[in-house]
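Numbering (this note's numbering), first residue to last: 1 to 512. Note that the Cβ used here is the ideal one computed from N, Cα and C, for glycine as well.
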């Protein structure tokens, strides 16, 4: 039994909106083909000075065919671009969501990521979706519609039609492999140039001072020359691919002359129909070229999106029900070298005592989603790891009170309790809570902000934290534990509001 396929980390391409858009493009391709057939027949009738086409006046049929063929082509271009950009947006946002967690100096093994390479890969994906995939999607209904019409109304056009498709398919079988090789080599050389430039950045100044930039510049020049050569090879094979598509037109003409008895009344229609077929096959050939470039771009981006930092995030409910689950710390490595585990029931007060202040601060950062990925994987909310939850979701629901996020000495004319708040409701709540914490009102005035003592600043930080109405409140401030009345008041406020309270205290060191 085959193991289940591991998720690549890429956003899903075929979601519901893009499926509906693709179905619309297929219908548009069929209607566009019918419009092109009507336009070709009306043009042929006009050249032969006929009066009607399918019972319609030639002028009316010509106008309807032109409006359908040209108008639907414009619609196809618009929605194809929309289809491509919607997916590129998803890929870009999936990358940007955790971009700061990735090494960005082009030195990490197996990745070699840089902004330039990311932009190039996204451009290749966008071109494939906007021009390649849509061209191939519309090519299939176009060929089916055109083939059905030819078989039903013009049987003498069937041998040229089949012969054109055979010539086109044979040309693709010959050209696609060298085209892919040239695209791959050009992409690898361009990536090597990006890595070379990235690695030379920190070394540029000493090399410049000693006049030793020449070796790097020579290597860069060689890479640039190789890339130009591979890009030229790609352009050559791309030209061969398009030329084969155009070659189907004279092949069709030759087959029509050999296999049938050309009728003068059908020659103009034949030329118009098969010129349209050649243009559609050329668009399909370009689509295959974009497909090869897209495959290579996915191969280059796959190691990046396979990293744990970019795996899809868990879908957390917005009503806050998940925050009523147990908060668990499992095997968290601390800066002192120790490993700790703890269980924090929801809606209760839990005190964690550490002898090393660095350990207490690291625990506080991990509970607030402000530590590294390894630490976030050790913190669980129910069955969900913090590393699987979007950072903003954690920050909205967890508040931290620490001297490191204290009140600055100068408030630029603002009352101390308003610092860091943006809404009038939050300001009023902070002011009321400051009163509940027995903070004198005169100390909240702007001119007295510079004279606040450490205990007053702690009360303002607590008031601001409670005003956010968090689900979890983490307090890492030794000033709280020296004031038993304030500690009881904080516990009562947290219990009344259903807030999970975590108190981190620095205990005395035990003798070795």
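Residue i, DSSP secondary structure in three states
i           : result
residue 469 : coil
residue 28  : helix
residue 506 : strand
residue 19  : helix
residue 564 : The structure shown does not extend to residue 564, since the chain is modelled only from 1 to 512, so the question has no answer here.
residue 390 : coil
residue 164 : helix
residue 318 : Any answer about residue 318 is weak, because its pLDDT of 45 lies below 50 and its placement is not dependable; what the coordinates show is given next. Note: residue 318 maps to coil in three-state DSSP.
residue 331 : strand
residue 501 : strand
residue 13  : coil
residue 344 : strand
residue 353 : strand
residue 75  : helix
residue 326 : coil
residue 37  : helix
residue 453 : coil
residue 363 : helix
residue 263 : coil
residue 201 : Note on residue 201: pLDDT 48, under 50, position unreliable in the model; no value is reported.
Nearest to residue i (by Cα), restricted to the options the options
i           : options            : result
residue 243 : 273, 164, 269, 214 : 164
residue 223 : 246, 189, 232      : 189
residue 299 : 12, 339, 121, 231  : 121
residue 39  : 25, 26, 24, 72     : 72
residue 403 : 15, 476, 377       : 476
residue 246 : 226, 169, 221, 354 : 169
residue 65  : 83, 215, 41        : 41
residue 153 : 174, 376, 270, 185 : 270
residue 369 : 358, 381, 386, 14  : 386
residue 249 : 280, 226, 232      : 280
residue 495 : 471, 455, 483, 506 : 471
residue 342 : 328, 93, 353       : 328
residue 354 : 14, 91, 504, 61    : 504
residue 288 : 180, 348, 333      : 180
residue 140 : 340, 23, 92        : 23
residue 187 : 297, 171, 26       : 297
residue 231 : 273, 184, 216, 253 : 184
residue 220 : 192, 75, 80, 236   : 192
residue 48  : 126, 218, 263      : 263
residue 498 : 323, 485, 14, 378  : 323
residue 394 : 366, 374, 401, 383 : 366
residue 374 : 331, 381, 226      : 331
residue 326 : 268, 502, 182, 50  : 502
residue 397 : 337, 150, 466, 68  : 466
residue 89  : 350, 257, 11, 234  : 11
residue 491 : 218, 145, 376, 347 : 347
residue 485 : 67, 459, 147, 358  : 459
residue 295 : 37, 126, 50, 80    : 126
Boundaries of the beta strand (DSSP E) in which residue i is found, first to last residue
i           : result
residue 380 : 379-381
residue 371 : Counting along the chain, residue 371 falls outside any beta strand (DSSP E), and DSSP gives it neither H nor E.
Sheet register partners of residue i (DSSP bridge)
i           : result
residue 513 : This structure gives no information on residue 513, because the portion of the chain shown stretches from 1 to 512.
residue 399 : 473
residue 294 : In DSSP, residue 294 forms no bridge with anything.
residue 82  : DSSP output for residue 82 lists no bridge partner at all.
residue 339 : 333
residue 385 : 380
Run of the alpha helix (DSSP H) containing residue i, from where it starts to where it stops
i           : result
residue 221 : 214-259
residue 483 : It is not in any alpha helix (DSSP H) - residue 483 carries neither H nor E in the DSSP assignment.
Whole-angstrom C-beta distance between residue j and residue i, which should lie under 8 Å
i           : j           : result
residue 87  : residue 18  : 7 Å
residue 124 : residue 275 : At roughly 30 Å, the Cβ-Cβ gap does not stay under 8 Å, so residue 124 and residue 275 are not in contact.
residue 136 : residue 84  : Actually they do not touch by this definition, with Cβ atoms about 13 Å apart.
residue 277 : residue 159 : Actually they are not in contact, since the Cβ atoms of residue 277 and residue 159 sit about 14 Å apart, beyond 8 Å.
residue 251 : residue 134 : The pair is not a contact, with the Cβ atoms about 26 Å apart (cut-off 8 Å).
residue 62  : residue 77  : So it is not a contact: roughly 23 Å between Cβ atoms.
residue 454 : residue 479 : 6 Å
residue 399 : residue 468 : 5 Å
residue 290 : residue 131 : 6 Å
residue 461 : residue 379 : Not a contact, Cβ separation roughly 23 Å.
residue 29  : residue 138 : 3 Å
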